[in-house]
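**Student:** For this note's numbering, count along the sequence shown from 1 and bump the result up by 6.
Backbone N, C-alpha and C fix where the C-beta goes; we use that ideal spot for every residue, glycine too.
None of the values given here were measured: they were computed from a predicted structure.
Take this structure, written in structure tokens, and hold onto it; I'll ask about it next.
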Amino acid sequence: MRLPTRRSRAPLAIAGFIAIPLFFSSLMTSTLALEKPYKIEWKGCVSGLCTTWHDPTTANVARVWLWALVPPLLLCVVGLVATRLPYGFYISCVAAIPIAIVVVHNINTWARHHTARYPVGVDLIPPTNPASDKYDRGQWEQMAKETALSFEHWTIGIALAAILVMVTITVRRRYVGRRPVPDYVLEGVHAPDSTSPTGLGDAAG
């Protein structure tokens, strides 16, 4: 079975462009869903168990970034396949909309779980140290959620705008007639005749 020949690179190009805001939305949601501090516990405190929180491990950070790359890469794969399909440009744009929606579909739950994993705030500094404490518990999660939703709106907006522009161009090419170019007749330019008029020769004789 032979694959259809490539029609245009436009579907892949627009998919790559829309994937930029989609990636940032995915990165925020992936961070909320997967990031967790490195927790150390030991016995010896008055309460019976001492706990300290440290920055996430390298493996945890790598996992966050890898999952953040999945949605934009998926969109680029759709764009690559669409280069061999009719109306591929529209397929890439339409595919970006449900992908962007799915990325943030459970963002409220992820934000709550992230807040629970950081009981003293994302800066890991307790409120008892007001000189260094920058984020209250849940403050960063709210900012991350708003950022993810904003980039989702940008992703959908760019996809819809690209569809509108392409439809406008197509309609203009297909249905708006072009003005006919007038035909200009150029007269030939030549040297004056070397022979004298007939009447002048007879008069001289």
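Using CA coordinates, which residue listed in Val128, Ser156 and Gln148 is at the minimum distance from His60?
**Tutor:** His60 has its Cα closest to that of Val128, out of Val128, Ser156 and Gln148.
**Student:** Have a look at Ala102 and Ala25 and give me their C-alpha separation to the nearest angstrom.
**Tutor:** Approximately 8 angstroms, taken between the alpha carbons.
**Student:** Thinking just about the alpha-carbon of each residue, which of Arg90, Val177 and Ala21 is nearest to the one in Ser14?
**Tutor:** When each option's Cα is compared against that of Ser14, the closest is Arg90.
**Student:** By Cβ distance below 8 angstroms, which residues in the same chain neighbour Val67 in space, the five residues on each side in sequence not counted?
**Tutor:** Same-chain partners within the cutoff: Glu41.
**Student:** Hey, Leu33 and Pro77: beta-carbon distance below 7 angstroms or not?
**Tutor:** For Leu33 and Pro77, no; Cβs fall outside 7 angstroms.
**Student:** Take Val84 as the anchor and find which of Leu72, Ala74 and Ile97 has the nearest alpha-carbon.
**Tutor:** Ranking Leu72, Ala74 and Ile97 by Cα distance to Val84 puts Ile97 first.
**Student:** What does DSSP give as the partner residue(s) for His60 in the beta ladder?
**Tutor:** Looking at the DSSP assignment, His60 forms a beta bridge with Tyr44.
**Student:** Whose C-alpha, out of Ala16, Ser36, Cys82 and Ile20, is nearest the C-alpha of Val110?
**Tutor:** Checking every option, the nearest Cα to that of Val110 belongs to Ser36.
**Student:** Among residues of its own chain, excluding the 5 on either side of Ala16, which ones have a beta-carbon nearer than 6 angstroms to its beta-carbon?
**Tutor:** Closer than 6 angstroms at the Cβ level, and outside the excluded window around Ala16, lie Phe95.
**Student:** Do the CB positions of Ala165 and Cys99 come within less than 7 angstroms of each other?
**Tutor:** Closer than 7 angstroms, so yes.
**Student:** Counting only the same chain and skipping the five closest in sequence on each side, list residues whose C-beta sits under 6 angstroms from that of Gly144.
**Tutor:** Taken in chain order, the residues that qualify are Thr121.
**Student:** Would DSSP call Arg179 helix, strand or coil?
**Tutor:** Here Arg179 sits in helix by DSSP.
**Student:** Can you look up Leu38 in the DSSP assignment and give me helix, strand or coil?
**Tutor:** Here Leu38 sits in helix by DSSP.
**Student:** Alpha carbon to alpha carbon, how far is Ser156 from Trp116?
**Tutor:** Cα-Cα distance, rounded: 17 angstroms.
**Student:** With a threshold of 7 angstroms on Cβ separation, who are the neighbours of Thr63 within its own chain once the five nearest residues in sequence on each side are excluded?
**Tutor:** Once the five neighbours on either side are set aside, the close Cβ partners of Thr63 are Tyr44.
**Student:** Give the straight-line distance between the Cα atoms of Ala106 and Ser31, rounded to the nearest whole angstrom.
**Tutor:** One C-alpha to the other measures close to 8 angstroms.
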